[in-house]
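Visitor:
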Amino acid sequence: MTPDPNLNPPQREAVLHGAGPLMVLAGAGSGKTRVLTQRIATLVDRGVPSYRILAVTFTNKAAGEMRERLHKLLGERAQGMWVGTFHATCARLLRVHAAAVGLTRDFAIFDDDDQKKLVAAILKELDVSERITPRAVLSRIDRARNAGDDPGALRSRDYIDDVVRRAFPLYAARLLKENAVDFNDLLLKVVDLCHHAEVGPELAGRFRHVLVDEFQDTNLVQYRLVKHFSKEHGNLCVVGDDDQSIYGWRGAEPRNLLDFDRDFPTARVVKLEQNYRSTRVILDAANAVIAKNVDRHAKALWTDRRGGEPVLVEECMDERAEADFVAQGILGLRSQEHRGDGDFAVLYRTHAQSRALEEALRARRIRYRVVGGISFFQRREIKDITEYLRLIVNPQADTAFERVVNVPTRGIGDTTVDKIRAYARGAGVPLLEAARGAVAGAPIGLGAAAQRKLQTFVELIDGLRALVAAGPAVATLVSEIIDRSEYRARLEIEDAVDGPDRVRNLGELVAAAAAFDAEAGEHASLTEFLERVSLTASADDKDGRGECVTLMTIHAAKGLEFPVVFLTGLEEGVFPALREGDGDDDMEEERRLAYVALTRAKDRAILTYARTRRSYDQIRRNAPSRFLVDLPPDAVAVRARRPAPAPVRPAMAPRPARVPDYDDAERAPAADEPVYYLDDEGEDDAVFPRGALVRHRIFGVGEIEQGSGRGPDRKLTIRFPGHGVKTIVARFVERVA
DNA sequence: GTCGTCCCGGGTTCC
DNA sequence: CCGGGACGAC
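Counted the way our numbering counts, the first sequence spans residues 2 to 738.
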């Protein structure tokens with residue numbers, strides 16, 4: 002194998018070879034993932050069987066990339082290696098040893114949504130008086146469990162602890178009854194396996210080398226797991242950067258990384274401080290921002306790349322002007338520096354900020370994609386269909402039953418379900434079984450009509466279960482569910498606004514199932530498909546950065562790099578975004594987030610802030626972000642005001658940063674307000690005026706009563722004779738004469 | 001049982 | 001401004 006030119010000889014020796022605990026403290030852009038991959042390849046080269054190697058990453062995406070690289074380096078020899086997220090790894094182990102913790106190998110995985118719904122139902126049963134959100138209860142449950150405590154034995158310090166104490170046993174019982182685990186259980190059950198008399202030692206001896214990427218993101222449970230997996234040989238290699246710890250709010254423990262050498266006194270420690278990604282200027286800016294943090298391993302990133310364009314700071318009037326500036330900047334750099342759209346990333350602190358940006362990009366016909374937001378598999382229509390699947394696989398899945406029994410509406414309402422529930426509880430059977438009993442005539446007080454409707458549902462499920470027995474492809478089953486339940490048909494008729502999108506999503510679900518079938522071949526199992534759905538957060542595995550601008554949160558950008566990065570919304574209260582009760586630690590995390598954002602950029606970083614920003618229908622005036630103040634003056638070019646949106650000037654001479662002050666914000670808006678929308682606007686009112694006749698695919702011809710919004714998303718209120726008044730998005734109708 | 005209206009609350013999000 | 005949940009009217 003070719004030695005990595007990026008490592009000096011002692012580093013190479015330490016990182017690529019050798020046994021025992023190893024910690025690699027690697028700065029942003031130092032090629033840490035590549036180093037990790039090379040170490041794995043070296044291990045295989047030296048005779049470690051690939052199936053005895055476990056590599057854990059933080060995201061599916063990172064796992065996929067690592068697998069790809071390993072395949073390139075090792076070819077067939079990469080087969081059988083365990084490369085995946087903690088959750089995927091634990092799911093795999095748990096399927097094998099399910100019986101040891103009271104599950105069957107078909108267990109289901111509950112996502113956040115399922116968990117919240119279940120807790121909400123339990124809170125209702127408990128008749129909890131004060132307003133307590135399921136979210137709050139769940140986070141206490143998780144906190145206790147992760148600390149190794151039983152939430153059901155919580156010492157009540159306040160009312161909510163008391164609620165948690167009562168709710169948790171019910172929650173755990175419901176999961177067990179449905180043969181399900183939540184995300185946290187997935188790991189905790191494997192911790193239980195580690196203590197199991199037979200399975201524990203087996204797991205400890207299963208892998209010869211354990212490697213963990215992004216170690217600063219691991220929580221205590223995950224750390225416990227890898228310690229167990231490596232306790233016989235101590236071959237635990239962790240790679241991470243404490244400056245990039247941005248998941249503290251969900252239990253990540255950067256101490257796992259920082260104290261690694263305390264837990265493993267014999268650990269070798271390698272620091273990788275050379276950055277191969279960014280220009281000197283960008284790195285200086287990032288270093289200056291992170292230097293203000295107290296709680297960190299001091300590390301000084303350096304680079305061979307000299308100079309670079311100054312970091313540009315742009316003050317904008319409001320979020321629309323900001324979006325406009327970004328769009329205009331992309332056009333400018335596209336022509337002046339011959340950049341493709343795929344070279345650009347636009348980052349923001351929260352998803353809500355994407356809207357104005359999208360509008361500005363759309364107005365200029367710049368292709369973009371938004372990463373994250375609501376993930377594909379979380380969409381309502383997708384969730385509905387997968388819950389059908391779950392009920393079909395497991396007739397005990399009561400939560401699935403409750404979700405789909407009246408979806409699409411088939412006249413089975415709360416009253417009917419309440420009766421079924423009462424009957425089920427009395428008889429000690431699952432809801433589906435109880436429903437079957439009611440259809441067969443069990444006297445639970447259902448009227449004839451309700452009984453008939455319930456029968457339709459039970460027959461639907463039983464028909465689909467019979468189909469499963471014939472061993473169909475997953476895609477076939479999914480599309481049968483969509484058809485037989487009349488889900489698609491009802492969407493088409495009843496949901497004129499979102500229906501077409503939803504129907505398209507269902508099509509994509511069938512396509513995803515078909516891809517799964519193709520991949521899994523003969524052995525495609527429904528359980529595995531459902532697992533894939535639960536463990537896959539985003540559907541954009543297509544790796545489709547392609548030729549479009551990428552919009553995403555800073556969190557989503559971790560691990561990625563782009564030639565040009567726009568970092569938007571640098572305002573106090575937006576970024577850093579702090580809430581009441583947040584402390585210094587939270588501010589340090591915000592600062593790390595800024596560090597991550599800046600270090601994504603290879604050639605150019607362009608920072609923007611808006612003097613006023615509209616949020617929740619309120620216009621807020623924010624001070625410029627403190628992070629701007631921290632930027633080193635000689636690395637930055639500030640343009641405080643500009644007359645109108647103009648292309649970014651390519652080679653602006655650096656000048657001292659002028660720290661923006663509050664007086665700026667008091668200035669009156671200039672008369673020459675920028676033009677936000679370049680095309681289409683205004684035309685729609687002419688194309689779809691009140692009183693105009695339009696044709697819709699399903700409802701036929703109707704008359705426009707009202708319109709709101711603009712562009713292809715303009716909403717029209719239309720009266721269709723025979724169908725009543727519907728609100729429909731303009732692109733789904735055409736003007737008639 | 002379903003549909004409309006009102007009110008509330010609204011970070012980041014991997015798995 | 002948005003969506004979801006709760007509640008009252010057909």
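Built from N, CA and C at the ideal position, the CB exists for glycine as well. Computed from a predicted structure; not experimentally measured.
1) Residues in its own chain within less than 7 angstroms of Thr417 by CB, not counting five upstream and five downstream?
2) Just to confirm, is the Cβ distance from Gly330 to Ile110 under 8 angstroms?
3) Enumerate in chain order the residues of its own chain whose CB-to-CB distance from Arg68 is below 6 angstroms, with the five nearest sequence positions on each side excluded.
4) Using the three-state DSSP reduction, which class does Ile110 fall into: helix, strand or coil?
5) From Glu310 to Ile283, what does the alpha carbon distance come to, in whole angstroms?
6) Given a cut-off of 8 angstroms on the beta-carbon distance, is the pair Lys117 and Arg132 in contact?
7) Identify the residues that DSSP records as bridge partners of Tyr369: which are they?
8) Do Ala287 and Leu599 have their CB atoms nearer than 8 angstroms?
9) Near Gly153, which residues of its chain fall below 7 angstroms by C-beta distance, leaving aside the five closest residues on each side in sequence?
10) Report the three-state DSSP secondary structure of Asp604 (helix, strand or coil).
11) Can you grab the Cα-Cα spacing for the pair Lys125 / Tyr172, in whole Å?
12) Would you give the residue range spanned by the beta strand (DSSP E) that Ser616 belongs to?
13) Could you tell me the distance, in whole angstroms, from the CA atom of Ile54 to the CA atom of Arg35?
14) Just reading off the beta strand (DSSP E) that Leu237 is part of, what are its end residues?
15) Which whole runs of the alpha helix (DSSP H) in the stretch 497 to 536 are 4 residues long or more, in chain order?
16) Can you confirm whether the stretch 201 to 212 touches the stretch 222 to 230 when touching is taken to mean that 3 or more C-beta pairs between the two stretches lie within less than 8 angstroms?
17) Could you give the first and the last residue of the continuous beta strand (DSSP E) run that contains Phe567?
18) By DSSP's criteria, Met318 is part of a beta bridge. Which residues make up the other side?
19) Touching or not, the stretch 350 to 367 and the stretch 311 to 324, by the rule of three or more beta carbon pairs under 8 angstroms?
20) Relative to the C-alpha of Thr86, which candidate in Pro409, Leu536 and Arg146 has its C-alpha closest?
21) Closest to Thr477 by C-alpha separation, out of Asp518, Ile445 and Arg505, would be which residue?
22) Just to check my reading of the structure: Pro22 and Leu237 have Cβ atoms closer than 8 angstroms, yes? What is that Cβ distance to the nearest angstrom?
23) Assess, as a yes-or-no matter, whether the stretch 336 to 347 is touched by the stretch 521 to 535 under the definition of 3 or more beta carbon pairs within less than 8 angstroms.
24) Closest to Val290 by CA distance: which of Ala423, Pro634 and Leu259 is it?
25) Alpha carbon to alpha carbon, how far is Arg505 from Leu492? Give it in angstroms, no decimals.
26) Nearest CA to the CA of Arg368: which residue from Leu465, Val511 and Val550?
27) Quick check on this structure: which residue in Ser51, Thr90 and Asn61 has the alpha carbon closest to the alpha carbon of Leu71?
28) Leaving out five residues on either side along the sequence, give the residues of the same chain with a beta carbon under 7 angstroms from the beta carbon of Val16.
29) Using the rule of at least 16 other Cβ atoms within 10 Å of the residue's Cβ for burial, across every protein chain shown, is Ala299 buried or exposed?
30) Below 8 angstroms between beta carbons: does that hold for His1 and Val459?
31) Have a look at Arg736 and Ile705 and give me their C-alpha separation to the nearest angstrom.
32) So is Tyr160 buried or exposed if we call it buried at 16+ other beta carbons inside 10 Å?
33) On the DSSP letters alone, give me the boundaries of the alpha helix (DSSP H) that Val394 sits inside.
34) Please list, in chain order, all residues of the same chain as Ala669 whose beta carbon is under 8 angstroms from its beta carbon, the five residues on each side excluded.
35) Around the Cβ of Gln619, are there at least 16 other Cβ atoms within 10 angstroms (buried) or fewer (exposed)?
36) Out of Val314, Ala301, Val440 and Met82, which one is the CA nearest neighbour of Leu629?
Guide: Concretely, from the data shown:
1) Leu447, Ala451 and Leu455
2) no
3) Val84
4) strand
5) 8 angstroms
6) no
7) Val550
8) yes
9) Arg166, Phe169 and Pro170
10) strand
11) 12 angstroms
12) Thr613 to Ser616
13) 17 angstroms
14) Leu237 to Gly241
15) 500 to 521 and 527 to 536
16) yes
17) Phe563 to Leu568
18) For Met318, which the question treats as bridged, DSSP gives no partner whatsoever.
19) yes
20) Leu536
21) Asp518
22) 5 angstroms
23) no
24) Pro634
25) 11 angstroms
26) Val550
27) Ser51
28) Leu8, Val25, Val36, Arg40 and Val271
29) exposed
30) Because residue 1 is not part of the residues shown, which for the chain are 2 to 738, the question remains open.
31) 10 angstroms
32) exposed
33) Arg381 to Val394
34) In this prediction, Ala669 scores a pLDDT of 30, lower than 50, which makes its location untrustworthy; no coordinate-derived value is stated.
35) exposed
36) Val314
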